[in-house]
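**Q** For the sequence shown, the residue numbers in our numbering are -9 to 223. Heads up, the beta-carbon is just placed ideally off N, CA and C, and yes, glycines get one too. None of these values were measured; they are calculated from a predicted model.
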Amino acid sequence: MSYDPIPTIRREADAFLAAARRGLAPQVPGCPEWTVRELTHHLGSVHRFHNRHVVRGVTEPPQEWAAELPADADLLEWFDDSCNELLVTLRSIDPQLPAWNWARHTPQVAAFWPRRMALETAVHRWDAESAHQDANGIDIELAVDGIDEMLTVIGPAHTKPDFPSGTVAIRPTDTDAAWAVRMAPDTFEVLTEVPAAPDAVLAGTATALLLALWGRDVDYTATGDAALIAVLT
């Protein structure tokens, strides 16, 4: 990781707030069931939820919880407070404190969460800006790390028995980074080398590929096996 996730959370949250101040009513293209209002509540609740459980010192899953939706007049201040409280915790907590996360193949420690919250906040910042037709790209170091998280953390944690079989190469056009994954039923494995002839290829800027992996409608190139591409995007 070539960036500091804690100030990144603050920077991306500030940009999210700037977008939300332009209006809470627009629909969010990447989350069409939500308005900016509901997206703000979602991300603020995410910050508060993880702030609550990461300090417990245990690896058992926490109870599901979401904050009540504040009134519009209070929502942005509530969101800002949510982020600030999370940052206080993440700055002060022992990174090796036992802490649950849903990716059981990764260390169950508090160090998991700063990166996770930085990437969550960055993607939803893009969502909030896109609702106002003015979305800025994600910093390349952050986008590359986000692709890596999707492939090495999130993908292996969400395998399914109906996965198709084959290999997919993921090739950003604005960095030398590249990945390949092998999929099969109940299998999602990042390969150590990109094969010369994968079954499918995703190519585009690092921002576009990260957002595509998050299911956003962005401009990238997909070639090869459509079933494999559909799993990733």
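Which stretch, first to last residue, makes up the beta strand (DSSP E) that contains Pro22?
**A** 21 to 25
**Q** Judging by CA-CA distance, which residue of Gly194, Val171, Thr195, Leu199 is the nearest neighbour of Arg187?
**A** Residue identity check: residue 187 is Ala in the sequence provided, not Arg. Nearest of Gly194, Val171, Thr195, Leu199 to Ala187, Cα basis: Val171.
**Q** Leaving aside the five residues before and after Gly127 along the sequence, list all residues of the same chain whose C-beta is less than 6 Å from its C-beta, in chain order.
**A** Thr197
**Q** Write down the C-beta distance between Val44 and Trp103 rounded to the nearest angstrom, noting that I regard them as a contact closer than 8 Å.
**A** Contact between Val44 and Trp103 holds: CB atoms are separated by about 5 Å, below the 8 Å threshold.
**Q** Apart from the five residues on each side of it in sequence, which residues of its chain come closer than 6 Å, Cβ to Cβ, to Arg38?
**A** Ala57, Ser72
**Q** What does Gln53 pair with, by DSSP beta-bridge criteria?
**A** According to DSSP, Gln53 bridges with nothing at all.
**Q** In its own chain, which residues sit with a C-beta less than 6 Å from the C-beta of Ala202, not counting the 5 before and 5 after it?
**A** Val208, Tyr210, Thr223
**Q** Could you give the DSSP three-state label for Thr165: helix, strand or coil?
**A** Correct three-state label for Thr165: coil.
**Q** How should Asp4 be labelled, buried or exposed, when 16 other C-beta atoms within 10 angstroms of its C-beta is the threshold for buried?
**A** exposed
**Q** Under 7 Å between the Cβ atoms of Thr165 and Val184?
**A** no
**Q** With burial defined as no fewer than 16 other Cβ atoms inside 10 Å of the residue's Cβ, what is the status of Val18: buried or exposed?
**A** buried
**Q** Between which two residues does the beta strand (DSSP E) harbouring Ala212 extend?
**A** 211 to 214
**Q** Pull up the distance between the alpha-carbon of His31 and that of Ala193, whole angstroms please.
**A** 33 Å
**Q** Could you name the residues that DSSP lists as bridge partners for Ala193?
**A** Arg161, Thr211.
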